[in-house]
Every structure is written in C-alpha cells, then in structure tokens.
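In the numbering used here, the protein residues as written are 34 to 451.
Don't be surprised by glycine CBs; every beta carbon is placed ideally from N, CA and C.
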C-alpha cells in the first residue's frame, strides 16, 4: 500500500478498528448501537408481562407497567421519552401499593436517560422527581386513611403528618437522584474525552505545521546559500568586466552593467521571497565549514550507513548527468532521511538506493526488506522526516510517495523533474 504525501497537509492515516477490544469496550460499543435500546426495552417488556401474569394488578397498573418498559425503546432517538417512562412507573405505583420489579428498572433507566442526555438541568430533574414522589406518597397516605393498610394502625387526624409515612418520598427521591447523577456523570466524562481528543488532534496538527515550517526554513537557508553565491558571482564578474576589458564598446559596457544590475535586483528579490519561508526562524546565517552535499557523496553516505550496522547498495540506471545544486542537495537529503528511517524502524534490514536518470527527470527510490508499514495502512514513520522529504520534493516541482513496497518492506520514491 502506498500513499503520496502532500506538503503542509500530511496524508491522514485511516482510522482502523481496535484489534482486540476488552469486555468493557465491547459493551460500550454494543450500548452505542441503535439496536441496543430496542433489545433492552423488548427484554424488559417481556419480563414485565411475565411479572404481571404471576402477580396480577388492576388495568391501570398493567398499563403503566407496559408503557414504562415499552417506551424505553425510543430513548435513543428521543431522550425526552424518559419523562413518559418515569411518569408511567409512578402511575402504576400510585394505583398499586407494590412497585413491580420491571417498573423499578424502567424508571431508573428513564431517569438515567434524562440525565445522560441532559434533557433538563439535573437539579430540575431531581426536583421534579421529588415532587412526583411526594404526590404518589400523598395518594398512598390518603388510601391508608380510607381503606387501612396491613401493618399500619388506623390513621387519625394529625397522624397524616407523621414523618414515618413519608419514607416513600425519601426512597424515591434517592433513586431519582442516583440515576440522574449517574447519567450526568457519564455525559460529563464523554464530553471530557471528546474535548481531550480534540485538543490532542489540534496539538498534533500544530506540531506537524511547526515541523513543516522548520523544514521550509532550513531549505530556504540552503537555497539562499547556493543561489546567492551563484548570482553574486554573476554580478561581480559582469561588473568587473567593464573595468578589466579596456577595449569594450559602449554598448557592450552598458550590457555588462545591465547584467550586474539585474543580478543585484535578483538577489534582493531572492532574499524577499526566501524571507517568507524563513518567517519566524532565526535568519542569522550559519557559517559554512564544508561544501553542500551532492549525489556524488552517496558512496560515503552508504558507507556511513554500513558502518553503524546497516546493509545498503547503490544502483544507478540511465545516463548520469550533473544536476543543478538544488536538485543534487534535495536528492541527497531524501536518501539520507530514508536511510535514517530504515535504521530506526527496521534495524538490520537491507536497503537499496536506486537513481534513475531520464530525460528531464530524476527518480530516487529507497527500499528495504524490513517489516514495512502496519496492515492498517499506518506507515509507522509518518513523522517530521517524511514531511521534510515531501517539502523538498515539492519545492522542486516533484512529488514523494511512501508506503509498502511491491516485495514488502518500506518504500520511499521521489520524482524530481528538472
């Protein structure tokens, strides 16, 4: 698998599914599926029907229990249906002194859904649930006063205000508070996870942009050093010719002066254009202690690669011709970075450096027999080095392709027209 790197916009690595999911992550993925709400609601409804068959209740109670469980199927698409779920549960409990197990589960899931999707502020949800629980409790107290209840003495006048009779309100409020708080906590954790992922993505993009800017600045320094020297030589030679050649005609003298002026103007324009690439970088020139490398030094470069334990060979096809200094330097740097990546990611692998000279085109190919990129498509080497190589190729009007080679391993191929 190969990919072409575009400067300033590194190729995005396709996101692959996790290779080995744990139990918790599998459950999380299953719970996020659209069918999860329908399956759980269907299972709870069947349980409710079985419970009603064993412990029959009034028609209102049965209706409230079935609506409470069946409405959960819609909670993924319409989270506000949790109000209907909880309301149906409280209706069935108000008409019957005993709350069915299916109703308890349905009401807790409904409260959790309301908090998870923050249909309303959690404080409002808990307050509304407390008032609804108090209303159900008052209905029960009135029934106990009229019909009596096993285990309770006959209620008289002021007995209705005994705190012990309001235990239902406390229990139901605690249940609502726990379910809503759990849902809100899960929502907050998911938002935090998404925020952290977005921040990491922005940081990675910033690092890539900074790497590209640093590489452009380095290339600008190298281009300035090479081109400035050549253009300045032209200016000096053209201007000195008017003084060292006494028998020049006036038109020839004017032509040499025009050449010198054009060279000086080109130098100023070159500094201005390269200054755009070097923006934000320390533009103080570094002293040169050695000539810029070229393709003639590939033998020494491969010798250094072998000296540190690597194996490499050089293959050249086509008629080898001298190239402009910029092309020689960029091709050399691409080979150098590719060999560095091979030593780092595939130590001990055998590397092959190929130079193909064609008409107005130089193809540089570096391949190895290492493990190559991951099966998911991730090259495993998408760092600053590949970005820098792509920058060099782009500045010369070429392109860089990286990825798995035809025979495996890793392949770096640059096409540099000239």
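ask   = Between the Cα of residue 331 and the Cα atoms of 299, 371 and 429, which residue gives the shortest distance?
value = Indexing the chain shown from 1 puts residue 331 at position 298. The shortest Cα separation from residue 331 among 299, 371 and 429 belongs to 371.
ask   = How big is the Cα-Cα spacing for residue 433 and residue 426?
value = Counting from 1 along the chain shown, the entry for residue 433 is found at position 400. Counting from 1 along the chain shown, the entry for residue 426 is found at position 393. Approximately 6 Å, taken between the alpha carbons.
inquiry  = Helix, strand or coil for residue 447? Go by DSSP, reduced to three states.
reply    = Within the chain shown, the letter at position 414 stands for residue 447. Strand.
task = To the nearest angstrom, report how far apart residue 299 and residue 443 are at their CA atoms.
result = In the chain shown, the residue the question calls residue 299 occupies position 266. In the chain shown, the residue the question calls residue 443 occupies position 410. Rounded to the nearest angstrom, the two C-alpha atoms are 42 Å apart.
request  = Grab me the residues of residue 292's own chain with a C-beta within less than 6 Å of its C-beta, minus the 5 sequence neighbours each way, in chain order.
outcome  = Your numbering for residue 292 matches position 259 in the chain shown. Hits under 6 Å: 271.
Cβ neighbour criterion (16 or more within 10 Å) applied to residue 279 = For the purposes of this step, residue 279 is taken as residue 246 along the chain shown, with counting starting at 1. That one is exposed.
key: Proximity below 8 Å, CB of residue 135 to CB of residue 65   = Locating residue 135 in the chain shown gives position 102, where the first residue counts as 1. Locating residue 65 in the chain shown gives position 32, where the first residue counts as 1. No, these two residues do not count as a Cβ contact at 8 Å.
query = Pairing CB atoms from the stretch 167-180 with CB atoms from the stretch 220-239, are three or more of them under 8 Å?
reply = no
ask   = Tell me, which residues are paired with residue 383 by DSSP?
value = What you label residue 383 is simply residue 350 of the chain shown in a count that begins at 1. Bridge partners of residue 383: 344.
inquiry  = Does residue 354 come out as helix, strand or coil in the three-state DSSP assignment?
reply    = Sequence index remark: in the chain shown, residue 354 carries index 321 (1-based). Reduced to three states, the DSSP call for residue 354 is coil.
query = Since residue 248 and residue 448 are thought to touch, with beta carbons under 8 Å apart, how far apart are those beta carbons, to the nearest angstrom?
reply = Position 215 of the chain shown, counted from the first residue, corresponds to residue 248. Position 415 of the chain shown, counted from the first residue, corresponds to residue 448. About 19 Å; that fails the 8 Å criterion.
task = Assign residue 396 to one of three DSSP states: helix, strand, or coil.
result = For the purposes of this step, residue 396 is identified with residue 363 of the chain shown, where counting begins at 1. Three-state result, residue 396: strand.
message = Tell me whether the stretch 218-228 and the stretch 149-163 touch, counting them as touching only if at least three CB pairs, one residue from each stretch, are closer than 8 Å.
response = yes
request  = Pick out whichever of 202, 156 and 112 has its Cα sitting closest to the Cα of residue 172.
outcome  = On the chain shown, residue 172 is found 139 positions in, with the first residue counted as 1. Per the Cα distances, 202.
Extent of the continuous beta strand (DSSP E) run through residue 437 = Residue mapping note: residue 437 aligns to position 404 of the chain shown, counting from 1. That run of the beta strand (DSSP E) goes 432-437.
query = Between the beta-carbon of residue 121 and the beta-carbon of residue 104, is there less than 8 Å?
reply = The residue you call residue 121 lines up with position 88 of the chain shown. The residue you call residue 104 lines up with position 71 of the chain shown. Yes, they are a contact pair.
request  = Out of 211, 363 and 347, point me to the one whose CA is closest to residue 254's CA.
outcome  = Here the question's residue 254 lines up with position 221 in the chain shown. Residue 363 is the option with its Cα nearest to residue 254.
ask   = Name the DSSP bridge partner or partners of residue 388?
value = The residue given as residue 388 occupies position 355 in the chain shown. Answer is 349 and 397, bridged to residue 388.
ask   = With C-beta atoms as the reference, is residue 404 less than 8 Å away from residue 379?
value = By one-based count along the chain shown, residue 404 stands at place 371. By one-based count along the chain shown, residue 379 stands at place 346. It is a contact, given that the beta carbons lie within the stated cut-off.
ask   = Is DSSP giving residue 243 helix, strand or coil here?
value = Indexing the chain shown from 1 puts residue 243 at position 210. It is helical.
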